[in-house]
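Participant: This structure is in structure tokens; I'll ask about it shortly.
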Amino acid sequence: MRRGTLNLAIGIALALLTGTAVAEPRGRITVAIDSDVQSLDPMAVSDRFTQAVLWHVFDSLLYRDPQKGTLLPGLARSWRAVNPTTWELKLHEGVRFHTGEPASAEAAKFSLERMAGPKVPRRYEVGSVARVEVVDPLTVRVVTKRADPILLESLVNVQIVPPRYLREVGEERFGRAPSGTGPYRVTEWVKGQRLILEANQDHWRGSKPVPAIKTVLLRPIPEKATQIAELLSGGVDMIINVPPDQIPVITASGRARVTTAATLRTSFLQLNVSRAGSPALQNPKVRQAINHAIDGDAIHKNLMGGLGHRTGSINPFQFGYDPAVRPYPYDPARARQLLREAGYAGGLELRLVSYSGTMVNPELAAQAIADYLTKVGIRVKHRHVEDLALLAKIWLGAQDVDLMYASWASRGIFDADAIMRPLFGSGERYAYVADPQIHKWLDEARFSMDAAARKVIYSRILRHIHDQAHWVPLYTSFVTYGVSNRIHYEAPTDENLRLFDVTWRERP
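Under numbering that gives the first Met the number 0, the first residue of the sequence shown is numbered 0, with each subsequent residue one higher.
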């Protein structure tokens, strides 16, 4: 080997070993988003899109491969089971938050304990954790109440925050000016107008690369037609949730392309049975009538382009799915009969809420649902929400809503618990049904290490929910991005936007 070639090989090897970036980030891209983020504090928010944005600013103890779904090192370089209820994680040395504070075992303990706070909407992520112990500055132990088969997957979704900085500035300020360890820093946030991220060239690497893109501008653009026009004119470089009927338009443009991936997201109609919803929804015949009244097959075909799967329960990709649990057949005559039997021959009125940000054609789908219900005598007051902070108040507060057209991505966890617990678990803030039998079964399944037994329990839960018509499952989703020909990006299966994976196709 010649000396020059040898020196080049050694240089590349050293760069890989030390985490030194081969090329500096350059240029700027603009990403259109349906709704602005709620907050920049990862524990103050619950919507999937805000979480996806904050993945760029913060790191978790573990990371998930976007294509294979396998667990990779995050801030933790290794992990091991000490016993059935204790996991020990060793952190990388020398990692610091953007403000310079060390990312230590104390920070991991602080973050996990903060995540379990009573006001945190996603506290169910760490619901099995009994305590967190600091062994040494770079070693932390997570002790669970009982053996938890999905704890490690849950830790992927717990982003680590700096305790000293957060205490100094307070939670409100932290939600506007965060400090993480991630590949991007927040440099500006003007709510409703723009969020600007700058590449963190001191990023410690780990399983996330140093970004190729120096600056990312996220622009809230609620109108999908405007997003598409901006993409084709070069005003934006990426849009999310492309309507199926617009895929051929983008593909034929020569300016952009479409990339899609099947996801864990499941869309459904949530019925407010037990939290200040209409008293009519406490009657199972009314709930069954709602299920029979909606032609989910038609909505899936006409508004979702047939992408994804029609489902009668959860996502087929999730452990615990039971194919025998089928959707209620579309039968408006049966729906009207059930309403008469329930004492609502003259009909009733229900409040329906839908929202932008995580689904394809959400307003149109909700309006179709409203039209189907109207045909059987259920008058619907439909309200579509674009502000995710307002949505959180409505959804979590369960006020002024009887029906919520919603979706759930299960935080990328391929287990039934990831959707069943937040929507049907005891005391959960998103749960609109309080059924002690479901609560009992959920705990039995969550804390069993017997996979066969867990599958039986989840089947029992899904059949019970179906028989009681506690919700209206509709279809699973594909995530569909429109991407400028200037850049390269492939849609991930877990819906976590990964702009640090974007690379240039053309020189900016």
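Here a beta-carbon is modelled for each residue, glycine too, at the ideal position from N, C-alpha and C.
If you follow the alpha helix (DSSP H) that Tyr474 is in, where does it begin and where does it stop?
Facilitator: It is not in any alpha helix (DSSP H) - Tyr474 instead sits in the beta strand (DSSP E) that spans 470–483.
Participant: So, with DSSP's three-state summary, where would you put Tyr371?
Facilitator: Looking at Tyr371 - three-state DSSP - the assignment turns out to be helix.
Participant: What is the residue span of the alpha helix (DSSP H) that Leu61 lies within?
Facilitator: No alpha helix (DSSP H) holds Leu61; the beta strand (DSSP E) holding it covers 61–63.
Participant: What is the rounded straight-line gap between the Cα of Gly276 and the Cα of Gly376?
Facilitator: Approximately 18 Å between the Cα atoms of the pair.
Participant: Can you give me the Cβ contacts of Arg218 inside the same chain, cut-off strictly under 8 Å, excluding the 5 residues immediately before and after it?
Facilitator: Taken in chain order, the residues that qualify are Thr29, Val30, Ala31, Ile32, Gln192, Arg193, Val235.
Participant: Would you kindly report the start and end of the unbroken alpha helix (DSSP H) that includes Gly533?
Facilitator: Since the first residue of the chain shown is 0 and the last is 507, residue 533 is not available in this structure.
Participant: Am I right that Glu112 and Val131 are in contact with their C-beta atoms under 8 Å? What's the rounded C-beta distance?
Facilitator: Between Val131 and Glu112 the Cβ distance is about 6 Å, and since that is below 8 Å, they are a contact.
Participant: In the DSSP output, what is Trp407 paired with across the bridge?
Facilitator: Its beta-bridge partners are Thr265.
Participant: Mapping DSSP to helix, strand and coil, what is Gln158?
Facilitator: DSSP places Gln158 in strand when its eight states are reduced to three.
Participant: Is Glu505 helix, strand or coil when you go by DSSP?
Facilitator: Three-state result, Glu505: coil.
Participant: Taking 7 Å as the limit between beta carbons, can you name the residues of its chain near Trp440, skipping five residues before and five after?
Facilitator: Correct list, in chain order: Ile456, Arg459, Ile460.
Participant: Quick check on Arg172: buried or exposed, where buried means 16 or more other Cβ atoms within 10 Å of its Cβ?
Facilitator: When all chains shown are included, Arg172 counts as exposed.
Participant: On the premise that Tyr343 lies in contact with His291, defined as a C-beta separation below 8 Å, what is that separation, rounded to the nearest angstrom?
Facilitator: No, His291 and Tyr343 are not in contact; Cβ-Cβ is about 14 Å, not under 8 Å.
Participant: My guess is that Ala444 and Asp416 are in contact by the Cβ rule of under 8 Å, so how many angstroms apart are they, rounded?
Facilitator: With 8 Å as the limit, Ala444 and Asp416 qualify as a contact, their Cβ atoms being about 7 Å apart.
Participant: Do you know how far the Cα of Asp449 is from the Cα of Gly356?
Facilitator: Straight-line Cα distance between these residues: approximately 37 Å.
Participant: How would you label Asp201, buried or exposed, when you count the other beta carbons within 10 angstroms and need 16 or more for buried?
Facilitator: So Asp201 ends up on the exposed side.
Participant: Does the beta carbon of Asp399 come closer than 9 Å to any beta carbon on chain C?
Facilitator: Among the protein chains of the structure shown there is no chain C, as only one such chain exists.
Participant: Give me the Cα-Cα distance between Val141 and Ala51, rounded to the nearest whole angstrom.
Facilitator: The straight-line gap from Cα to Cα measures roughly 25 Å.
Participant: On the premise that Ile289 lies in contact with Val471, defined as a C-beta separation below 8 Å, what is that separation, rounded to the nearest angstrom?
Facilitator: The pair is a contact, with the Cβ atoms about 6 Å apart (cut-off 8 Å).
Participant: To which residues does DSSP link Glu124 through a beta bridge?
Facilitator: BP columns for Glu124 are empty, so no partner.
Participant: Give me the Cβ distance between Ser59 and Leu154, rounded to the nearest whole Å; I'm assuming they're in contact under 8 Å.
Facilitator: Yes, Ser59 and Leu154 are in contact; Cβ-Cβ is about 6 Å, under 8 Å.
Participant: How long is the line joining the alpha carbons of Phe57 and Leu71, rounded to whole angstroms?
Facilitator: Phe57 and Leu71: Cα-Cα distance of roughly 16 Å.
Participant: If distances are taken between C-alpha atoms only, which option among Glu340, Gln366, Glu229 comes closest to Ile293?
Facilitator: For Ile293, the nearest C-alpha among the options comes from Gln366.
Participant: Let me make sure I understand the geometry here. Which of Pro41, Pro120, Arg256 has the alpha-carbon closest to that of Leu230?
Facilitator: When each option's Cα is compared against that of Leu230, the closest is Arg256.
Participant: Relative to the C-alpha of Pro117, which candidate in Leu74, Ala452, Arg428 has its C-alpha closest?
Facilitator: Of the listed residues, the one whose Cα sits closest to Pro117 is Arg428.
Participant: Is the CB-CB distance between Ala104 and Leu53 below 9 Å?
Facilitator: Result no, Cβ atoms of Ala104 and Leu53 do not sit closer than 9 Å.
Participant: Check this for me: beta carbons of Tyr480 and Ile149, under 9 Å apart or not?
Facilitator: Not a contact, by the Cβ cut-off of 9 Å.
Participant: Kindly indicate which three-state DSSP category Ala80 falls into: helix, strand or coil?
Facilitator: Ala80 falls in the strand class under three-state DSSP.
Participant: State the DSSP-derived secondary structure class of Ser206, mapped to helix, strand or coil.
Facilitator: Coil at Ser206, not helix or strand.
Participant: For the beta strand (DSSP E) that contains Leu338, what are its first and last residues?
Facilitator: Per DSSP, Leu338 belongs to no beta strand (DSSP E); it is in the alpha helix (DSSP H), 331–340.
Participant: What residues in its chain sit with their C-beta under 8 Å from that of Leu395, if we drop five residues either side in the sequence?
Facilitator: Ser45, Pro120, Arg428, Tyr429, listed in sequence order.
Participant: So, at 6 Å on beta carbons, what are the nonlocal neighbours of Leu372 in its own chain, with the 5 sequence-adjacent residues on each side left out?
Facilitator: The residues are Ala292, Val379.
Participant: Tell me the DSSP bridge mates of Asp414?
Facilitator: Answer by DSSP bridge pairing, in chain order: Phe318.
Participant: Taking all protein chains shown into account, decide if Lys374 is buried (16 or more other Cβ within 10 angstroms of its Cβ) or exposed.
Facilitator: So Lys374 ends up on the exposed side.
Participant: Considering only C-alpha positions, which residue in the set Ser447, Tyr474, His487 is nearest to Ser127?
Facilitator: The shortest Cα separation from Ser127 among Ser447, Tyr474, His487 belongs to Ser447.
Participant: For the stretch 182–228, which segments carrying the beta strand (DSSP E) assignment without a break, of at least 3 residues, lie completely within its bounds, in sequence order?
Facilitator: You should have 183–189, 193–198, 212–219.
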